[in-house]
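Heads up: the sequence lines are chains A and B, in that order. The UniProt record's numbering puts the first residue of the first sequence at 1, with every later residue one more than the last. The UniProt record's numbering puts the first residue of the second sequence at 1, with every later residue one more than the last.
2 protein chains.
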Amino acid sequence: MADTDMIPDDDAQRAFDAFTQAGQAIDRAVWLARMPRADGIARLVALPMPARAEVFAYMPLDAQADFTRLLPEGDLATLVNGLDADDRADLYNHLPPEEGTRLLRGLTPEDRADVHRLAAFGEATAGAIMTSDFATLDPAMTAAQAIDALRRAAPDSETIYRSYVTDAGGHLIGAVRLHHLILAPDDATVGALMDKAPVSVTLDTGREEVARVIARYDVLAVPVVDAENRLSGIVTHDDAADALQAETTEDFQKISTVMPFSQSLRDAGFRVLYSRRIVWLALLVFGNLFSGAGIAFFEDTILAHVALVFFLPLLIDSSGNAGSQAATLMVRALATGDVEMSDWGRLILREVGVAAALGLTMAAVVLPLGAWRGGPDVAMAVGLTMVVVVMIGSLVGMSLPFLLSRLRLDPATASGPLVTTISDAVGVLVYFSIATAVLAI
Amino acid sequence: MADTDMIPDDDAQRAFDAFTQAGQAIDRAVWLARMPRADGIARLVALPMPARAEVFAYMPLDAQADFTRLLPEGDLATLVNGLDADDRADLYNHLPPEEGTRLLRGLTPEDRADVHRLAAFGEATAGAIMTSDFATLDPAMTAAQAIDALRRAAPDSETIYRSYVTDAGGHLIGAVRLHHLILAPDDATVGALMDKAPVSVTLDTGREEVARVIARYDVLAVPVVDAENRLSGIVTHDDAADALQAETTEDFQKISTVMPFSQSLRDAGFRVLYSRRIVWLALLVFGNLFSGAGIAFFEDTILAHVALVFFLPLLIDSSGNAGSQAATLMVRALATGDVEMSDWGRLILREVGVAAALGLTMAAVVLPLGAWRGGPDVAMAVGLTMVVVVMIGSLVGMSLPFLLSRLRLDPATASGPLVTTISDAVGVLVYFSIATAVLAI
Numbered sequence: 001m002a003d004t005d006m007i008p009d010d011d012a013q014r015a016f017d018a019f020t021q022a023g024q025a026i027d028r029a030v031w032l033a034r035m036p037r038a039d040g041i042a043r044l045v046a047l048p049m050p051a052r053a054e055v056f057a058y059m060p061l062d063a064q065a066d067f068t069r070l071l072p073e074g075d076l077a078t079l080v081n082g083l084d085a086d087d088r089a090d091l092y093n094h095l096p097p098e099e100g101t102r103l104l105r106g107l108t109p110e111d112r113a114d115v116h117r118l119a120a121f122g123e124a125t126a127g128a129i130m131t132s133d134f135a136t137l138d139p140a141m142t143a144a145q146a147i148d149a150l151r152r153a154a155p156d157s158e159t160i161y162r163s164y165v166t167d168a169g170g171h172l173i174g175a176v177r178l179h180h181l182i183l184a185p186d187d188a189t190v191g192a193l194m195d196k197a198p199v200s201v202t203l204d205t206g207r208e209e210v211a212r213v214i215a216r217y218d219v220l221a222v223p224v225v226d227a228e229n230r231l232s233g234i235v236t237h238d239d240a241a242d243a244l245q246a247e248t249t250e251d252f253q254k255i256s257t258v259m260p261f262s263q264s265l266r267d268a269g270f271r272v273l274y275s276r277r278i279v280w281l282a283l284l285v286f287g288n289l290f291s292g293a294g295i296a297f298f299e300d301t302i303l304a305h306v307a308l309v310f311f312l313p314l315l316i317d318s319s320g321n322a323g324s325q326a327a328t329l330m331v332r333a334l335a336t337g338d339v340e341m342s343d344w345g346r347l348i349l350r351e352v353g354v355a356a357a358l359g360l361t362m363a364a365v366v367l368p369l370g371a372w373r374g375g376p377d378v379a380m381a382v383g384l385t386m387v388v389v390v391m392i393g394s395l396v397g398m399s400l401p402f403l404l405s406r407l408r409l410d411p412a413t414a415s416g417p418l419v420t421t422i423s424d425a426v427g428v429l430v431y432f433s434i435a436t437a438v439l440a441i
Numbered sequence: 001m002a003d004t005d006m007i008p009d010d011d012a013q014r015a016f017d018a019f020t021q022a023g024q025a026i027d028r029a030v031w032l033a034r035m036p037r038a039d040g041i042a043r044l045v046a047l048p049m050p051a052r053a054e055v056f057a058y059m060p061l062d063a064q065a066d067f068t069r070l071l072p073e074g075d076l077a078t079l080v081n082g083l084d085a086d087d088r089a090d091l092y093n094h095l096p097p098e099e100g101t102r103l104l105r106g107l108t109p110e111d112r113a114d115v116h117r118l119a120a121f122g123e124a125t126a127g128a129i130m131t132s133d134f135a136t137l138d139p140a141m142t143a144a145q146a147i148d149a150l151r152r153a154a155p156d157s158e159t160i161y162r163s164y165v166t167d168a169g170g171h172l173i174g175a176v177r178l179h180h181l182i183l184a185p186d187d188a189t190v191g192a193l194m195d196k197a198p199v200s201v202t203l204d205t206g207r208e209e210v211a212r213v214i215a216r217y218d219v220l221a222v223p224v225v226d227a228e229n230r231l232s233g234i235v236t237h238d239d240a241a242d243a244l245q246a247e248t249t250e251d252f253q254k255i256s257t258v259m260p261f262s263q264s265l266r267d268a269g270f271r272v273l274y275s276r277r278i279v280w281l282a283l284l285v286f287g288n289l290f291s292g293a294g295i296a297f298f299e300d301t302i303l304a305h306v307a308l309v310f311f312l313p314l315l316i317d318s319s320g321n322a323g324s325q326a327a328t329l330m331v332r333a334l335a336t337g338d339v340e341m342s343d344w345g346r347l348i349l350r351e352v353g354v355a356a357a358l359g360l361t362m363a364a365v366v367l368p369l370g371a372w373r374g375g376p377d378v379a380m381a382v383g384l385t386m387v388v389v390v391m392i393g394s395l396v397g398m399s400l401p402f403l404l405s406r407l408r409l410d411p412a413t414a415s416g417p418l419v420t421t422i423s424d425a426v427g428v429l430v431y432f433s434i435a436t437a438v439l440a441i
């Protein structure tokens, strides 16, 4: 938020000028956003339109908000008119109300209504990431008329390659590719050339699912329809890719018990990091009390065979590690659509086999250690425990994401450490129960 | 690999016929790959070209290999000639040598050489995921000539929208968008219309980085050049998205100590799952021996104050959880390019502050528990240990990915459980050392 009148040095000036002539919008945007605000703004308004709007759209939302605040009304109106509808709505959602109102002042009433419409959709849905910048065609148009219409609409590159065909009521009835229009005879109609069963998503489809549809069908954009199949907008492949990237980062955060935050980790402040990490850390402490209670219950066993404690971290960690493996594989497979809820039964049967094999191998590893530290009885208790806890950990790990999903929670929620905590408590109980039985204490 | 002559029932037949007329290639491909092989092949060859090749290209590689084996030589030649160069190379790499040779028999010598060239690049590099199906333009061409050239080359949709301009030596000198050619006056030259500083990657650029470049610059494809800046191929956005998806799945696997496998989790067999999971599970057992050794060293302390064991799982888990949070955030930020190696110093300073605050909060949570179970001395030992181990766990967690990266290993490698194992061993030593001192045993 620095706002000084410092004059940047000549090197930076020359480098920026070079960028301005031949650079990529995203590179210029990063540069402008990192400069003192006054310099950034001076440089931005020095750019010709439409490059100015393109560069602005690539800046992080925090920087866009600062620029919006500091730009004179006239410059702001020019800039906002050059933005894509979805970028306008994103910025509008990021501003406090009075600044949002100022942002929209320079727009036509229709464009203003459009921003309000786009800004109202639930976060992380197709409605929230779609744009209304796209051209629609009429099925009765000829290929030549359609190309003319697209030329007049002059949409930017990301929306011209695939156009959507609607009937008089605005219902989506087809999609047609630019190169099919170009390669077709001039008098062929759009209705004859179009794909009559275009893939579409609805306004409330999750952004992750939108990205999955785009990837599956290798399309540049996917149309978004309302409940009556009326075309409401399109999501382009680049916006879907950004959304998928954000969604995956959220999965990584959740799986390690960090509550999701969308800010860059590089720029995140103390408060964000502390508040997103402490909640689950503190909650899991209470989970660990079950392990502690289990240990307290078996204090006599421990006092009689203190050598048993030697194997405690090893056994409960092995269970937790096997469980994390199973949970993480499942979380990812559910996120990519590789596995569905209905696969659970078949997968749990396979997991029983795999987990038994893992447990037996691990038992073989610890048996000699058990014999060395505590004799054959301890070895037997440790080996037997290993088989049981690795199996329990694995089965809990692979079931938990399904259970969370069934409870309408994100399967990634805390699954790693939650599995570890459950495995620990179960591991303590199993270990000391088996030991008490085997050692006949 | 089922290969029966079973006749599919009528419903399936009708559904497939409906698909065949208006369906999406990927949906048909999934359908064909799940049928008995003989039926799948019969249906595939009943499709007209080029749809036949498009559907085949979407099938999983295992199914493609089966089809290749079972198709008569003539049908195979037609099919392979219709495939994109990168899909040919992927299939070739998936086949045993003699079947690979049969696959290429129907190709021209140039196409055959091209497959060998593409198939030779290191896995997970731009060279391995690029295609050689693209048109190049000459800077002296007019816009009208360029459009004609593209029309003649008739490349498929994914490559026509952005064409690359090369000089006589094949060096990449520019890129031009189809809609700029269409909107330009007929006599404007490609040289005047082209972007003179197109973004490119080299043959050995990692696939993750390629996807990052495509996302950053919002391009449909990125050109791949050799060390002399000669254009070797292009990577399209959809192939890059698939590659990024695979890379992210690998990160999820690695972070939970599963050795990477590219197969679908749904279809993975016992052997794959067992072999990819057992290695790190068994290795980590040896890591846990350090915790065990720490406990053995403090057996006298434990015997004197067995109540201390109550807090052991809680303390070492908290340390491990805080460490996993830090490690996972860092692994993801390094993977997306949000954080770079050079940020380490600054980030570790911030982490010291955040971890101290987390540790103090957690200590406040466990102090009353400590007082309740073991009196003020135990409470003090437990609280003090909590602050220390949460800080150590966090700092190890955030440093480990950087260290692995410095050692030229993937930062995701086993970071979660490795952090847990290290935290456990350190936690045991810290806890019992502090307890011994505080309780003056």
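In this text, a Cβ means the ideal position worked out from N, Cα and C, and glycines have one as well. A quick note: this is a predicted structure, and the numbers were derived from the prediction, not measured.
{"Check": "Within its chain, find whatever has a CB closer than 6 angstroms to the CB of SER423 (chain A); leave out the 5 residues flanking it on each side and keep chain order.", "Outcome": "SER319, GLY320, GLY323 and GLY393"}
{"Check": "Am I right that SER163 (chain A) and LEU137 (chain A) are in contact with their C-beta atoms under 8 angstroms? What's the rounded C-beta distance?", "Outcome": "5 angstroms"}
{"Check": "GLY206 (chain A) bridges to which residues according to DSSP?", "Outcome": "A:THR125"}
{"Check": "Leaving out the 5 sequence neighbours to the left and right, which residues in its chain are closer than 7 angstroms to ALA57 (chain B) when beta-carbon positions are compared?", "Outcome": "LEU83, ASP84 and ASP87"}
{"Check": "Could you give the DSSP three-state label for SER415 (chain A): helix, strand or coil?", "Outcome": "helix"}
{"Check": "Let me know the secondary structure DSSP gives THR108 (chain A) once reduced to three states.", "Outcome": "coil"}
{"Check": "Is there a C-beta anywhere in chain A that falls below 9 angstroms from the one on VAL176 (chain B)?", "Outcome": "no"}
{"Check": "Indicate the three-state DSSP secondary structure (helix, strand or coil) for GLY269 (chain B) in the structure shown.", "Outcome": "coil"}
{"Check": "Assuming residue 443 (chain B) contacts MET391 (chain B) (C-beta within less than 8 angstroms), just tell me the rounded distance between them.", "Outcome": "Outside the shown range of chain B, which is 1 to 441, sits residue 443 (chain B), and nothing can be said about it."}
{"Check": "Based on Cα-Cα distance, which residue from B:LEU150, B:ARG266 and B:LEU418 lies nearest to VAL285 (chain B)?", "Outcome": "B:LEU418"}
{"Check": "On a CA-only basis, which of B:ALA53, B:LEU47 and B:ALA120 is nearest ALA77 (chain B)? Give me that one, please.", "Outcome": "B:ALA53"}
{"Check": "With a floor of 3 residues, list each beta strand (DSSP E) that falls wholly inside the segment 301-344 of chain B, ordered by position along the chain.", "Outcome": "none"}
{"Check": "Report yes if the CB atom of THR125 (chain A) is closer than 9 angstroms to the CB atom of ARG216 (chain A), and no otherwise.", "Outcome": "no"}
{"Check": "The alpha helix (DSSP H) that contains THR248 (chain A), what's its start and end?", "Outcome": "237-255"}
{"Check": "According to the neighbour-count rule (16 or more other Cβ atoms, all chains shown, within 10 Å of its Cβ), is THR249 (chain B) buried or exposed?", "Outcome": "buried"}
{"Check": "Alpha carbon to alpha carbon, how far is LEU312 (chain B) from ALA364 (chain A)?", "Outcome": "26 angstroms"}
{"Check": "DSSP state of PRO223 (chain B), grouped into three classes?", "Outcome": "strand"}
{"Check": "Give every residue of the same chain whose Cβ lies closer than 6 angstroms to the Cβ of PRO308 (chain B), excluding the five residues on either side of it in the sequence, and list them in chain order.", "Outcome": "According to the sequence shown, residue 308 (chain B) is Leu rather than Pro. These residues qualify, in order along the chain: ALA435."}
{"Check": "What distance in whole Å lies between the Cβ atoms of ARG266 (chain B) and ASP343 (chain A), which are believed to be in contact at a cut-off of 8 angstroms?", "Outcome": "6 angstroms"}
{"Check": "Compare the C-beta of SER433 (chain A) with all C-beta atoms of chain B and state if any pair is closer than 9 angstroms.", "Outcome": "no"}
{"Check": "Please tell me whether ALA355 (chain B) and ILE255 (chain B) are closer than 9 angstroms, where the distance is taken between their beta carbons.", "Outcome": "no"}
{"Check": "Mind pulling the chain B residues with CB within less than 9 angstroms of ILE26 (chain A)?", "Outcome": "ARG216, TYR217 and ASP218"}
{"Check": "Which term fits MET59 (chain A), buried or exposed, when burial requires 16 or more other beta carbons within 10 angstroms of its beta carbon?", "Outcome": "buried"}
{"Check": "May I ask you to check if the CB of ALA355 (chain A) is nearer than 8 angstroms to at least one heavy atom of the ligand HEM?", "Outcome": "By its list of ligands, the structure shown contains no ligand whatsoever, and the ligand HEM lies outside what it can speak to."}
{"Check": "Quick check: the Cα distance between HIS305 (chain A) and PRO36 (chain B), rounded to an integer number of angstroms?", "Outcome": "60 angstroms"}
{"Check": "Identify the continuous beta strand (DSSP E) that holds THR142 (chain A) and give its terminal residues.", "Outcome": "That residue, THR142 (chain A), is in no beta strand (DSSP E); it is neither H nor E in DSSP."}
{"Check": "With 9 angstroms set as the bound, which would you pick, yes or no: does the beta-carbon of TRP280 (chain A) sit closer than that to a beta-carbon of chain B?", "Outcome": "yes"}
{"Check": "Reducing DSSP to helix, strand and coil, say where ASP195 (chain A) ends up.", "Outcome": "strand"}
{"Check": "At a Cβ threshold of 9 angstroms, is TYR164 (chain A) touching chain B?", "Outcome": "no"}
{"Check": "Helix, strand or coil, according to DSSP, for VAL165 (chain B) in the structure here?", "Outcome": "strand"}
{"Check": "With DSSP collapsed to three states, give me the class of VAL258 (chain B).", "Outcome": "coil"}
{"Check": "Could you pull the start and end residues of the beta strand (DSSP E) that ALA25 (chain B) belongs to?", "Outcome": "Segment 25-34 is the alpha helix (DSSP H) holding ALA25 (chain B); no beta strand (DSSP E) there."}
{"Check": "Less than 7 angstroms between C-beta atoms, sequence neighbours within five positions excluded: which residues of the same chain meet that for residue 455 (chain A)?", "Outcome": "This structure gives no information on residue 455 (chain A), because the portion of chain A shown stretches from 1 to 441."}
{"Check": "Based on Cα-Cα distance, which residue from A:ILE173, A:GLU123 and A:ARG69 lies nearest to ALA38 (chain A)?", "Outcome": "A:ARG69"}
{"Check": "Does the Cβ of PHE298 (chain A) have 16 or more other Cβ atoms within 10 Å, making it buried, or fewer, making it exposed?", "Outcome": "buried"}
{"Check": "At a Cβ threshold of 9 angstroms, is MET362 (chain A) touching chain B?", "Outcome": "yes"}
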